[in-house]
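Q:
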DNA sequence: CTAAAAAAAGATTTTTTAGTCTTTAAATAA
DNA sequence: TTATTTAAAGACTAAAAAATCTTTTTTTAG
Ligand code: FES
Ligand code: FES
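Chains as they are written, first to last, in the numbering used here: chain X, 14 to 164; chain C, 14 to 164.
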């Protein structure tokens, strides 16, 4: 459904929400190890997210990536928009040119409510809220049994 | 969500359900024109669907592709399984290795119910049922305003 | 029996997505 | 001030998906 790039990006931003703030930055090397994503590829993605102000970064010793207070107010939807664009959520499941209730394809009324609700969920919930939920319920963000609640 | 290949395949099988039977076969050229899909690519897909017994075909003059009575009893899910495989419906939205209620990623409980219900819809409805619904409600199967209820 | 029509098979090309590598710029600690 | 650390930038390569082209086989109408 989402591209690899977008999946990595979402996991990374949630990771940053959990692990970092202005005084606790983490380098791309560690992030990609913890999340088990290809390092240079993730670096590109983080650069992109930095350029669109979804994550923050500083260079040099003790530098790295982090989420500022403000950054945590963004949504997963913001990440999806930046990396994959909106098309997957507003285009027809069967690839037809228009996806509206007036020009429904044979699966439109099956698929459409899902897309709608999914989009709302991703748009209305902040990274901060996700982070709280992850910390309280111990949800998983990495491929291996990386316990998000360690340290 | 689905690959181009799979979208074309689903549209094609519904088209065949509407337009063809044992005595009314249609060649790939016409099908691809009506559905506005790349011709040789669609040909490949129809071959694949023929090999897995989801559509029928005969060679030679007046030959072409068609759905037999039996073929219409298959489901859209059968097509998806053949062309794209099941992974999109049973793997994690964030690309983690396991997608279960016991090992949920941060979006699992948002996404999972959708996938489940969507899968059921595609699995429990036959091509035949889709065709009836399309004919009754005039749903769209092509990019342009190809009126499925013509002829 | 032959020519034409159509699918089948499979090799090839193009485009997109994924991923890597190398160089440059900034920050900071010593 | 200088060496080191880290992100930024951009060129590059690899793999997968999408699409095309070419040849072969089957069918059947004449
Ligand atoms: S028209 Fe196909 S999903 Fe809406
Ligand atoms: S674990 Fe991620 S969607 Fe189920």
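We treat Cβ as the ideally placed atom computed from N, Cα and C, and that holds for glycine.
Throw me the rounded Cβ distance for the residue 94 of chain C and residue 14 of chain X pair, which I believe falls under 8 angstroms.
A: The residue you call residue 94 of chain C lines up with position 81 of the second chain. The residue you call residue 14 of chain X lines up with position 1 of the first chain. Contact flag wrong, Cβ pair sits at about 17 angstroms.
Q: Label residue 20 of chain X either buried or exposed according to how many other C-beta atoms from any shown protein chain fall within 10 Å of its C-beta, with 16 as the threshold for buried.
A: Residue numbering aside, residue 20 of chain X sits at position 7 when the first chain is read from its first letter. Residue 20 of chain X is buried by the Cβ-count criterion.
Q: Tell me residue 39 of chain X's beta-bridge partners as DSSP assigns them.
A: The residue you call residue 39 of chain X lines up with position 26 of the first chain. Residue 39 of chain X pairs with X:78.
Q: Please name the residue in X:22, X:16, X:17 and X:28 whose C-alpha comes closest to that of residue 143 of chain X.
A: By one-based count along the first chain, residue 143 of chain X stands at place 130. When only C-alpha atoms are compared, the closest one is X:28.
Q: Just the Cα atoms here: how many angstroms apart are residue 127 of chain X and residue 22 of chain X?
A: On the first chain, position 114 is the one that residue 127 of chain X refers to. On the first chain, position 9 is the one that residue 22 of chain X refers to. Straight-line Cα distance between these residues: approximately 23 angstroms.
Q: Ignoring anything shorter than 4 residues, give me the alpha helix (DSSP H) runs that lie fully in the stretch 62-108 of chain X, in order along the chain.
A: Segments of the alpha helix (DSSP H) lying fully in the stretch 62-108 of chain X: 89-96 and 100-103.
Q: If I measure Cβ to Cβ from residue 118 of chain C and keep anything under 8 angstroms in the same chain, skipping five residues before and after, which residues do I get?
A: Against the second chain, residue 118 of chain C aligns to sequence position 105. Excluding residues within five positions, the ones whose Cβ falls inside 8 angstroms are 105, 106, 107, 109 and 112.
Q: Bridge partners of residue 139 of chain C, per DSSP?
A: Here the question's residue 139 of chain C lines up with position 126 in the second chain. BP columns for residue 139 of chain C point to C:88.
Q: Nearest-angstrom Cα distance between residue 145 of chain C and residue 30 of chain C?
A: In the second chain, counting from the first residue as 1, residue 145 of chain C sits at position 132. In the second chain, counting from the first residue as 1, residue 30 of chain C sits at position 17. Going by the C-alpha atoms only, they are around 9 angstroms apart.
Q: Mapping DSSP to helix, strand and coil, what is residue 47 of chain X?
A: The residue given as residue 47 of chain X occupies position 34 in the first chain. Helix at residue 47 of chain X.
Q: Consider the Cβ of residue 136 of chain X: report whether some Cβ of chain C lies at a distance smaller than 7 angstroms.
A: The count along the first chain starts at 1 and reaches residue 136 of chain X at position 123. No, no contact with chain C.
Q: From residue 38 of chain C to residue 17 of chain X, what distance separates their C-alpha atoms?
A: Locating residue 38 of chain C in the second chain gives position 25, counting from the first residue. Locating residue 17 of chain X in the first chain gives position 4, counting from the first residue. Computed Cα separation, rounded: 41 angstroms.
Q: Can you name the residues of chain X whose CB is closer than 7 angstroms to the CB of residue 123 of chain C?
A: As a first step, residue 123 of chain C must be located in the second chain, where it is residue number 110. Within 7 angstroms Cβ-Cβ: 131 and 134.
Q: Look at the alpha carbon of residue 131 of chain X and the alpha carbon of residue 89 of chain X, and state the distance between them as a whole number of angstroms.
A: Along the first chain, read from residue 1 onward, the residue named residue 131 of chain X stands at position 118. Along the first chain, read from residue 1 onward, the residue named residue 89 of chain X stands at position 76. The alpha-carbon atoms of residue 131 of chain X and residue 89 of chain X are separated by roughly 11 angstroms.
Q: How should residue 91 of chain X be labelled, buried or exposed, when 16 other C-beta atoms within 10 angstroms of its C-beta is the threshold for buried?
A: Stepping through the first chain from its first residue, residue 91 of chain X is reached at position 78. Per the 10 Å Cβ criterion, buried.
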